[in-house]
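Okay, so the sequence shown: first residue is -5 according to our numbering, each after it adds one. Cβ atoms here follow ideal geometry from the backbone N, Cα and C, with glycine treated the same way. Small disclaimer: the values here were computed from a predicted structure and weren't measured.
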Amino acid sequence: MTYSFKAPNKDPDATLDYELNWSTWLADGETITAQTVTCDNDDITISAVTQAAGVVRFRVAGGTAGSSYLVTCEVTTSAGQTDQRTMLIPVRER
């Protein structure tokens, strides 16, 4: 499993907001023009994807206790760059 970082444990019944801050990666005056957030498994639901000031925010629901999920955020910028970051979200009963 390859990922950029690991998120704290998420309970399977919890619906939580996450964010990825791209602002230090963006050049001066560059903005995010498109963003997508996807999961490697349908057990997790991604919703409410927004972006402001270089920070992509999204909501995660579901998952099966004992499983871990890869959630990938891909952005396109005003300069035509594209990049992605993947986070590992472990789901555990809390």
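- Leucine 10 sits exposed, since fewer than 16 C-beta atoms from the chains shown fall within 10 Å of its C-beta.
- Secondary structure of glutamine 75 (DSSP, three-state): coil.
- Counting along the chain, the unbroken beta strand (DSSP E) around glycine 56 starts and ends at 49 to 56.
- Membership of serine -2 in any beta strand (DSSP E) is not indicated, and neither H nor E is assigned to it by DSSP.
- Nearest neighbour of threonine -4 by Cα position, chosen from Gly74, Tyr12, Val65 and Ser61, turns out to be Val65.
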